[in-house]
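Undergrad: This is the structure I want to talk about, given as structure tokens.
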Amino acid sequence: MVESMNDAKEKARSGSGAVSLSQVSGTVENYLSSLFKLAEWGIAPTAVRLADYLRHLPAAERLGTSLPSVLGMLRRMSREGLITVSREKQIYLTPTGLQLAEIAVRRHRLAECLVVNVIGMELHVACVEGHSLEHAISAEMESHLQKLLEFPTTSPFGAPIPGSGYIAPVGGGITLEEAEPGTLYYVDRVDEEDPVLLRYLVEHGVLPNARFTVVEAGKYRGVLIFRTDLAEGSIGYEAVRRVLLKQFPQ
728 MVESMNDAKE KARSGSGAVS LSQVSGTVEN YLSSLFKLAE WGIAPTAVRL
778 ADYLRHLPAA ERLGTSLPSV LGMLRRMSRE GLITVSREKQ IYLTPTGLQL
828 AEIAVRRHRL AECLVVNVIG MELHVACVEG HSLEHAISAE MESHLQKLLE
878 FPTTSPFGAP IPGSGYIAPV GGGITLEEAE PGTLYYVDRV DEEDPVLLRY
928 LVEHGVLPNA RFTVVEAGKY RGVLIFRTDL AEGSIGYEAV RRVLLKQFPQ
């Protein structure tokens, strides 16, 4: 899926037509950004996975998240040239779909930066507020917002901002499953879309650039025990891919 996203980016760069989020509804915008984020986490999107992901969005954003509704919307998006669906039922963004998704995700993450870094709201509500604000950000407002925020390259959760010139850290992208118990790491990124998990991570100091150690990888018990400078906690293996680490400099 990552390779397919990169291929689509190359095609999008060579395209001549500019695209705008005003072309699509807020619901389609949510679908595009959700497909983009699933691909970022290395998850090959299918209709079932997309429907499950959409259900984690704030209540006001959860329009059309039943599987029949999702399938209907995907058919419409396919007709509009925003996605393609493979024989294996995996969903891929077209160059146009990718361009629109990048705009939506960029505005969402800039809104999160505004909420946390300027307004001073707590981190666990930043994603929800970002969803509220992103649809109201125009191209002109986005430009001014980038200047106000001094051109950030990541969101408060460590997520790359599309088009920002973000460079992935050397030794980054390590999942909790891959982390060696007893080895000290930094947190690289956390997934902000699950509000219950996010609140737990924030309360336990699992934040970008925080120090992090796997105490025990108890896969046989389905639980991973970790330690940060703030607290010790545990996380179920169904959620271990929601946190990425980077190597601690030697």
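Each residue of the sequence shown is one higher than the one before, starting from 728 at the first, in this note's numbering.
Even for Gly, the Cβ is constructed at its ideal location relative to N, Cα and C.
Can you tell me which of the three DSSP states Leu765 falls into?
TA: Start at 1 with the first residue of the sequence shown, and residue 765 comes out as number 38. Looking at Leu765 - three-state DSSP - the assignment turns out to be helix.
Undergrad: Does the Cβ of Tyr947 have 16 or more other Cβ atoms within 10 Å, making it buried, or fewer, making it exposed?
TA: Sequence index remark: in the sequence shown, residue 947 carries index 220 (1-based). The residue is exposed, with fewer than 16 neighbouring Cβ atoms inside 10 Å.
Undergrad: Given this structure, state the Cα-to-Cα distance separating Val950 from Ile962, to the nearest angstrom.
TA: On the sequence shown, position 223 is the one that residue 950 refers to. On the sequence shown, position 235 is the one that residue 962 refers to. Distance between the alpha carbons of Val950 and Ile962 is about 6 Å.
Undergrad: Would you mind giving the Cβ-Cβ distance between Phe884 and Ala828, rounded to the nearest angstrom? I have them listed as a contact below 8 Å.
TA: Here residue 884 corresponds to residue number 157 of the sequence shown, with the count starting at 1. Here residue 828 corresponds to residue number 101 of the sequence shown, with the count starting at 1. About 18 Å separates the two Cβ atoms, so there is no contact after all.
Undergrad: Apply the 10 Å Cβ neighbour rule to Ala958 and answer buried if 16 or more other Cβ atoms are within range, or exposed otherwise.
TA: Locating residue 958 in the sequence shown gives position 231, counting from the first residue. Per the 10 Å Cβ criterion, exposed.
Undergrad: What residue from His931, Ile846, Ala966, Asn757 has the CA that sits closest to Leu825's CA?
TA: Position 98 of the sequence shown, counted from the first residue, corresponds to residue 825. Ranking the options by Cα distance to Leu825, first place goes to Asn757.
Undergrad: May I ask you to report which of helix, strand or coil DSSP gives Glu907?
TA: As a working mapping, residue 907 is identified with position 180 in the sequence shown. Here Glu907 sits in coil by DSSP.
Undergrad: Would you list the residues sitting across from Arg938 in a DSSP beta bridge?
TA: Along the sequence shown, read from residue 1 onward, the residue named residue 938 stands at position 211. The partner list for Arg938 (beta bridge, DSSP) reads Tyr913.
Undergrad: Would you decide whether Ile894 is buried or exposed? Buried here means 16 or more other CB atoms lie within 10 Å of its CB.
TA: Along the sequence shown, read from residue 1 onward, the residue named residue 894 stands at position 167. It is exposed - the Cβ of Ile894 has fewer than 16 other Cβ atoms within 10 Å.
Undergrad: For a quick check, are the C-beta atoms of Val797 and Leu784 less than 8 Å apart?
TA: Mapped onto the sequence shown, residue 797 falls at position 70. Mapped onto the sequence shown, residue 784 falls at position 57. Taking C-beta atoms as the reference points, Val797 and Leu784 fail to come closer than 8 Å.
Undergrad: What separation, rounded to the nearest whole angstrom, lies between the Cα atoms of Leu903 and Leu850?
TA: Position 176 of the sequence shown, counted from the first residue, corresponds to residue 903. Position 123 of the sequence shown, counted from the first residue, corresponds to residue 850. Spanning the two alpha carbons is a distance of roughly 22 Å.
Undergrad: From the DSSP output, in three-state form, read off Leu837 for me.
TA: Position 110 of the sequence shown, counted from the start, is the residue given in the question as residue 837. In the three-state reduction of the DSSP assignment, Leu837 falls in the helix class, which pools H, G and I.
Undergrad: Note down, in chain order, each residue of its chain lying with its Cβ closer than 6 Å to the Cβ of Gly974, except the 5 sequence neighbours on either side.
TA: On the sequence shown, position 247 is the one that residue 974 refers to. It is worth fixing the name first, because residue 974 is Gln in this sequence and not Gly. Non-local beta-carbon contacts of Gln974 in its own chain, meaning distances under 6 Å to residues more than five positions away in sequence, involve Gly898 in chain order.
Undergrad: Classify Ala838: buried if its beta carbon has 16 or more other beta carbons within 10 angstroms, exposed otherwise.
TA: The sequence position of residue 838 within the sequence shown is 111, counting from 1. With a threshold of 16 other beta carbon atoms within 10 Å, Ala838 meets it and is buried.
Undergrad: Between the Cα of Ser891 and the Cα atoms of Ser870, Gly909, Thr910, Ile901, which residue gives the shortest distance?
TA: Residue mapping note: residue 891 aligns to position 164 of the sequence shown, counting from 1. Among Ser870, Gly909, Thr910, Ile901, the Cα nearest to that of Ser891 belongs to Ser870.
Undergrad: What's the C-alpha gap between Val941 and Pro935?
TA: Along the sequence shown, one-based indexing puts residue 941 at 214. Along the sequence shown, one-based indexing puts residue 935 at 208. Taking the straight line joining both Cα atoms gives about 16 Å.
Undergrad: Given that a residue counts as buried once 16 or more other Cβ atoms are within 10 Å of its Cβ, and exposed if not, what is Glu788?
TA: Locating residue 788 in the sequence shown gives position 61, where the first residue counts as 1. Buried, since its Cβ has 16 or more Cβ neighbours within 10 Å.
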